[in-house]
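Student: Handing you this structure, nothing more for now.
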Amino acid sequence: MLKNYYLTKHFYYLASLFALLFVGAYAFEGIFNIIVLLLILSVLILIADGIHLKLVSSKIKVKRDVQEKLSLGDIQYINYHISNQNKQPYQFEIFDNLPIQFQFRSSVLESKIDGESTLIKKHAIVPTTRGLYKFVKTVLFVRRNFPSLVMYKTTFENSKDVKVYPSIIQMEKYELQVFSKSAALIGVRRTRKIGESDEFEHIRPYLYGDNIKSINWKATSRTSQLKVNQYQNTRSQNVYCIVDKGRSMKMPFFEMTLLDHSINSALILSNIILRKYDNVGLVTFSDRIGSLLASKSLSGQLEKISEHLYNQKTGFKESNFELLYYTIRQQISQRSILIFYTNFEHKVDMERNLPYLRLLARKHLLVVILFINTELFKATKMKCKTKSDIYLKTTAQTALKEKENIAYKLRINGIQTILTKPEDLNIDVINKYLEIKSKLMI
């Protein structure tokens, strides 16, 4: 059918050339008939080219290969397998109907494939929102190697639904780095341990330099050899990641909202917590409670957290801190570490919710995470050339100073506070958790 044929740029070049030749025919007698013959020949070549491409296109196939689960905010690749069963080489161009979330409307790749061969090409994608991504048809345009006047379209039903989860790639990356000897290279700080370990592990023979207070005299009397109690860091502590889904978390950085940055960080931290043999749970809220997952250290806990984080929906309404406080008071009875992802842009917002944060900090170890606006931070470093630049820089400095005052006010009220940039969020939160473990703050 004619709707599958498309004219190439070479056709329009040739048409422009014929237009000039016909104009020139008025100045040069005797060439008009030659131009007409050339035009008829070109039309015949166009028709023959179209018929040929229709016949050979059935032997050129395209298959899209994409993972079942994609990671939020990470570079990943779609693989295109192109096979040519014809003996001649051809030029091709692929237009893929990518999910609407990517907002991508141009060709994904253009290349050449040899005869009787298979080619694999990659196209990079970066999902910036969670949810279901619908991949549908893949469109292939084929044309000859030499300047072709026409190309033929073939459509392949490569429909597939893919889920974009909180970043599994980053989770695995930080797990490898935190528990490796090179952890300091990515910014993980080794905090000096304060005090003695307090959870009994086993009894072992005394070694020179051991604390004499840990000698087990009963075991020593039975074996006639000094024995000491070996202790380890307290395990099975309860840690909850609390994620605010209110309007303060809608602000975008690096094409992702603060909410999605926090969701990625919550999954990464949950994995580290489980690797440290602690219990981890999840609470999400905005104007109402979204998810409440009790802290556990079972084998399937990380998958449950990942599913809960994937399914989070929000209208970015005003967050109800009072509801959060009463929910935690009723549902979390044991003293726990609360890692609270939220954001206050104005001091008034913080002071309105400070009473509930103080109540939480009385019963639990509360760590509040606030975000620095990186665009304002860049504005404070700019060189002023005009009055408007001066106003912008002054406003940015005032806003950042207010954010620092908010963090200071929380700290003097006994609330652990992290003030971080979105790109430094994961490292800063991991460092804070490791510091709490090392200093036995809970």
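Using this note's numbering, you'd call the opening residue of the sequence shown number 20 and step up by one each time. In this text, a Cβ means the ideal position worked out from N, Cα and C, and glycines have one as well. Every value quoted in this text rests on a predicted model; they were computed, and no experiment measured them.
Where S90 and D84 are concerned, what is the direct C-alpha to C-alpha distance, given to the nearest angstrom?
Tutor: For the purposes of this step, residue 90 is taken as the residue at position 71 of the sequence shown. For the purposes of this step, residue 84 is taken as the residue at position 65 of the sequence shown. Their backbone Cα atoms lie some 16 Å apart in a straight line.
Student: Please name the residue, chosen from L385, Q416, E274, that lies closest to R430 on a Cα-to-Cα basis.
Tutor: Locating residue 430 in the sequence shown gives position 411, where the first residue counts as 1. Of the listed residues, the one whose Cα sits closest to R430 is L385.
Student: Can you tell me the Cα-Cα spacing of S233 and K451, whole angstroms?
Tutor: Position 214 of the sequence shown, counted from the first residue, corresponds to residue 233. Position 432 of the sequence shown, counted from the first residue, corresponds to residue 451. About 30 Å.
Student: What residue does the beta strand (DSSP E) around H17 start on, and which one ends it?
Tutor: The first residue shown for the chain is 20 and the last is 461, placing residue 17 beyond what the model contains.
Student: Any idea if I213 is buried or exposed, counting beta-carbon neighbours within 10 angstroms, 16 or more meaning buried?
Tutor: Reading the sequence shown from its first residue, position 194 is the one you call residue 213. Any answer about I213 is weak, because its pLDDT of 47 lies below 50 and its placement is not dependable; what the coordinates show is given next. I213 is exposed by the Cβ-count criterion.
Student: In chain order, what residues of the same chain have a beta carbon less than 7 Å from the beta carbon of E112, not counting five sequence neighbours either side?
Tutor: Position 93 of the sequence shown holds residue 112. So the list reads S126, E129, F160, once near-sequence residues are dropped.
Student: Kindly indicate which three-state DSSP category N283 falls into: helix, strand or coil?
Tutor: Indexing the sequence shown from 1 puts residue 283 at position 264. Look at N283 here: in three-state DSSP terms it is helix.
Student: Kindly list the residues whose CB is nearer than 6 Å to the CB of T361, restricted to its own chain and excluding five residues on each side of it in sequence; keep chain order.
Tutor: Position 342 of the sequence shown holds residue 361. Closer than 6 Å at Cβ, skipping near neighbours: D263.
Student: Could I get the ranges of all uninterrupted beta strand (DSSP E) runs contained in the region 256-324, with 3 residues as the minimum, in chain order?
Tutor: 257-263, 298-304, 308-315
Student: By the 10 Å Cβ neighbour count, where 16 or more other Cβ atoms means buried, how is F47 classified, buried or exposed?
Tutor: Counting from 1 along the sequence shown, the entry for residue 47 is found at position 28. Exposed: under 16 other Cβ atoms inside 10 Å.
Student: Quick one: is K422 buried, meaning 16 or more other Cβ sit within 10 Å of its Cβ, or exposed?
Tutor: Counting from 1 along the sequence shown, the entry for residue 422 is found at position 403. Under a 10 Å Cβ-count criterion, K422 is classified as buried, with 16 or more other Cβ atoms of the shown protein chains found around its own Cβ.
Student: Look up G214 in the DSSP assignment and say whether it is helix, strand or coil.
Tutor: The sequence position of residue 214 within the sequence shown is 195, counting from 1. Only weak support is given to the placement of G214: the predicted model assigns it a pLDDT of 45, under 50, and the question is left unresolved by the model.
Student: Where D443 and K82 are concerned, what is the direct C-alpha to C-alpha distance, given to the nearest angstrom?
Tutor: Position 424 of the sequence shown, counted from the start, is the residue given in the question as residue 443. Position 63 of the sequence shown, counted from the start, is the residue given in the question as residue 82. Computed Cα separation, rounded: 38 Å.
Student: Just the Cα atoms here: how many angstroms apart are G43 and I64?
Tutor: Mapped onto the sequence shown, residue 43 falls at position 24. Mapped onto the sequence shown, residue 64 falls at position 45. When rounded, the distance between both Cα atoms is 24 Å.
Student: Restricting to runs no shorter than 3 residues, where is the beta strand (DSSP E) found entirely within the region 380-418?
Tutor: Runs of the beta strand (DSSP E) lying entirely within the region 380-418 and spanning at least 3 residues, in chain order: 384-390.
Student: Pull up the DSSP beta-bridge partners for E112, would you.
Tutor: Along the sequence shown, one-based indexing puts residue 112 at 93. The partner list for E112 (beta bridge, DSSP) reads E129, F160.
Student: For E191 and L321, I'd like the C-alpha separation in whole angstroms.
Tutor: Walking along the sequence shown from the start, residue 191 turns up at place 172. Walking along the sequence shown from the start, residue 321 turns up at place 302. In a straight line, the C-alpha of E191 is about 12 Å away from that of L321.
Student: What number of angstroms, rounded off, separates the C-alpha of H100 from the C-alpha of N177?
Tutor: Taking the sequence shown and counting its residues from 1, the one referred to as residue 100 is at position 81. Taking the sequence shown and counting its residues from 1, the one referred to as residue 177 is at position 158. Computed Cα separation, rounded: 12 Å.
Student: CB L328 to CB I356, shorter than 8 Å?
Tutor: By one-based count along the sequence shown, residue 328 stands at place 309. By one-based count along the sequence shown, residue 356 stands at place 337. Going by C-beta atoms, L328 is not nearer than 8 Å to I356.
Student: Contact between the region 232-249 and the region 292-301 is defined here as three or more beta-carbon pairs at a separation below 8 Å; is this criterion met?
Tutor: no
Student: T439 lies in the beta strand (DSSP E); which residues open and close that run?
Tutor: Numbered from its first residue, the sequence shown carries residue 439 at position 420. First-last of the beta strand (DSSP E) with T439: 435-439.
Student: Starting from R241, follow the alpha helix (DSSP H) in both directions and report where the run begins and ends.
Tutor: In the sequence shown, the residue the question calls residue 241 occupies position 222. First-last of the alpha helix (DSSP H) with R241: 236-242.
Student: What are the boundary residues of the alpha helix (DSSP H) that includes K458?
Tutor: Counted from its first residue, the sequence shown places residue 458 at position 439. Careful: K458 lies outside any alpha helix (DSSP H) and carries neither H nor E.
Student: Would you report the Cα separation of L60 and I132, rounded to the nearest angstrom?
Tutor: Residue 60 sits at position 41 when you count from the first residue of the sequence shown. Residue 132 sits at position 113 when you count from the first residue of the sequence shown. Using only the alpha carbons, I get a separation of about 28 Å.
Student: Hey, how far is the Cα of L379 from the Cα of T239?
Tutor: Position 360 of the sequence shown, counted from the first residue, corresponds to residue 379. Position 220 of the sequence shown, counted from the first residue, corresponds to residue 239. C-alpha separation (whole angstroms): 46 Å.
Student: Given a cut-off of 8 Å, decide if Q189 and D115 are closer than it, judged by their beta-carbon atoms.
Tutor: As a working mapping, residue 115 is identified with position 96 in the sequence shown. As a working mapping, residue 189 is identified with position 170 in the sequence shown. Not in contact: D115 and Q189 (Cβ atoms no closer than 8 Å).
Student: Compare the Cα-Cα distances from I358 to each of F165, N424, V299, T414 and report the closest residue.
Tutor: On the sequence shown, residue 358 is found 339 positions in, with the first residue counted as 1. Looking at the Cα atoms, V299 is the closest of the given residues.
Student: By how many angstroms is the C-alpha of T174 removed from the C-alpha of F472?
Tutor: In the structure as shown, the chain begins at 20 and stops at 461. Residue 472 is therefore absent and cannot be evaluated.
Student: On the DSSP letters alone, give me the boundaries of the beta strand (DSSP E) that V169 sits inside.
Tutor: Walking along the sequence shown from the start, residue 169 turns up at place 150. Unbroken beta strand (DSSP E) run through V169: 169-175.
Student: Mapping the DSSP letters down to three states, classify H365 as helix, strand or coil.
Tutor: Start at 1 with the first residue of the sequence shown, and residue 365 comes out as number 346. Residue state, collapsed to three classes: coil.
Student: Measure the alpha-carbon distance for T148 versus Q120 and round it to whole angstroms.
Tutor: Working through the sequence shown from its first residue, we reach residue 148 at position 129. Working through the sequence shown from its first residue, we reach residue 120 at position 101. Approximately 8 Å, taken between the alpha carbons.
Student: Answer yes or no: do Y109 and I79 have a C-beta to C-beta separation smaller than 8 Å?
Tutor: Stepping through the sequence shown from its first residue, residue 109 is reached at position 90. Stepping through the sequence shown from its first residue, residue 79 is reached at position 60. Yes, the pair counts as a contact, with Cβ atoms nearer than the cut-off.
Student: Considering only C-alpha positions, which residue in the set F304, K88, P441, A38 is nearest to S186?
Tutor: As a first step, residue 186 is located in the sequence shown; it is residue number 167 there, counting from the start. Ranking the options by Cα distance to S186, first place goes to K88.
Student: Run the CB neighbour count on K456, radius 10 Å, all protein chains shown included, and call it buried at 16 or more, exposed below.
Tutor: Start at 1 with the first residue of the sequence shown, and residue 456 comes out as number 437. The residue is buried, with at least 16 neighbouring Cβ atoms inside 10 Å.
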